[in-house]
Amino acid sequence: MNDWVLWLIMAGVLVALEMFTGTFYLLMIAVGLGFGALAALFGMSVPAQTIVAAVVGVIATGILHRSRFGRPAKHNAARDPNMNIDIGQRLDVSEWQGGRARVMYRGALWDVELGHGAIPEAGSFKIVEVQGSRLIVANS
Numbered sequence: 001m002n003d004w005v006l007w008l009i010m011a012g013v014l015v016a017l018e019m020f021t022g023t024f025y026l027l028m029i030a031v032g033l034g035f036g037a038l039a040a041l042f043g044m045s046v047p048a049q050t051i052v053a054a055v056v057g058v059i060a061t062g063i064l065h066r067s068r069f070g071r072p073a074k075h076n077a078a079r080d081p082n083m084n085i086d087i088g089q090r091l092d093v094s095e096w097q098g099g100r101a102r103v104m105y106r107g108a109l110w111d112v113e114l115g116h117g118a119i120p121e122a123g124s125f126k127i128v129e130v131q132g133s134r135l136i137v138a139n140s
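If you're matching positions, the sequence shown starts at 1 in full-length UniProt numbering and goes up one per residue.
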């Protein structure tokens with residue numbers, strides 16, 4: 001079997017493994033292995049093929065790491081409606097005491113605090129953040 005075929009088989013295995021991780025790092029190493037296959041096609045020696053594969057893999061991994069795809073997204077789960085079903089829901093507050101209130105929400109008593117810029121008056125409010133057992137609300 002030719003060297004370039006072995007390089008492509010190794011790259012294919014890494015691409016298949018990448019599908020289980022979803023990080024793209026194995027894909028970058030597979031790109032390096034693909035360049036190793038190209039080096040083999042151009043008749044370079046096995047040590048030179050290995051060096052080409054390693055250098056391209058390291059460079060591709062470094063580029064990925066510095067890109068937005070290489071960094072995990074920073075989410076504030078307290079404000080993310082995809083992480084917390086209470087964000088965006090409405091509740092009624094009948095009385096405020098110093099910017100705080102106790103209300104019945106989803107069958108339990110909750111502490112409620114005013115969010116930035118909210119006006120402490122009785123009425124309907126939208127939940128914008130959940131901090132432990134406190135609901136941070138804004139005027140709706």
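Quick reminder that beta carbons are idealized off the backbone N, C-alpha and C, glycines included.
Nearest CA to the CA of residue i: which residue from the options?
{"i": "Glu121", "options": "Gly132, Gln131, Asn139 and Val13", "result": "Asn139"}
{"i": "Met1", "options": "Arg102, Ala40, His116 and Gly62", "result": "Ala40"}
{"i": "Tyr25", "options": "Trp4, Gln131 and Gly70", "result": "Gly70"}
{"i": "Ile136", "options": "Met104, Ser67, Ile87 and Ile63", "result": "Ile87"}
{"i": "Gly62", "options": "Gly34, Ile85, Val15 and Met28", "result": "Met28"}
{"i": "Met104", "options": "Gly22, Val52, Ser133 and Ile9", "result": "Ser133"}
{"i": "His65", "options": "Glu129, Thr23, Ser124 and Ile85", "result": "Thr23"}
In the DSSP output, what is residue i paired with across the bridge?
{"i": "Trp110", "result": "Val103"}
{"i": "residue 144", "result": "Not covered by the structure: residue 144. The range shown for the chain is 1 to 140."}
{"i": "Asn139", "result": "Phe125"}
{"i": "Gln131", "result": "Arg134"}
{"i": "Gln97", "result": "Arg100"}
For residue i, does the three-state DSSP call read helix, strand or coil?
{"i": "Ile59", "result": "helix"}
{"i": "Gly123", "result": "strand"}
{"i": "Ala78", "result": "coil"}
{"i": "Arg71", "result": "coil"}
{"i": "Met28", "result": "helix"}
{"i": "Asp86", "result": "coil"}
{"i": "His65", "result": "helix"}
{"i": "Phe35", "result": "helix"}
{"i": "Ala16", "result": "helix"}
{"i": "Thr23", "result": "coil"}
For residue i, collect the residues of the same chain with a Cβ closer than 6 Å to its Cβ; drop the 5 residues on either side in sequence, then sort them by chain order.
{"i": "Ile119", "result": "Asn139"}
{"i": "Ala101", "result": "Val93 and Val112"}
{"i": "Met83", "result": "Ala77"}
{"i": "Lys126", "result": "Arg90, Ala138 and Ser140"}
For residue i, collect the residues of the same chain with a Cβ closer than 8 Å to its Cβ; drop the 5 residues on either side in sequence, then sort them by chain order.
{"i": "Thr50", "result": "Gly36"}
{"i": "Leu8", "result": "Leu33, Gly34 and Ala37"}
Ordered along the chain, which non-local residues of its own chain (more than five positions away) have a Cβ less than 7 Å from that of residue i?
{"i": "Ala48", "result": "Ala39"}
{"i": "Ser124", "result": "Arg90, Asp92 and Ser140"}
Contact between the stretch 106 to 119 and the stretch 57 to 75 (3+ Cβ pairs under 8 Å): Touching, no, given that fewer than three Cβ pairs across the two stretches are closer than 8 Å.
At least three beta-carbon pairs within less than 8 Å, the stretch 91 to 108 to the stretch 32 to 52: In this structure the stretch 91 to 108 does not touch the stretch 32 to 52; the number of beta carbon pairs closer than 8 Å is below three.
Segment contact flag, the stretch 95 to 102 with the stretch 75 to 84, C-beta cutoff 8 Å, min 3 pairs: In the pairwise beta carbon analysis, the stretch 95 to 102 is classified as not touching the stretch 75 to 84: fewer than three pairs are separated by under 8 Å.
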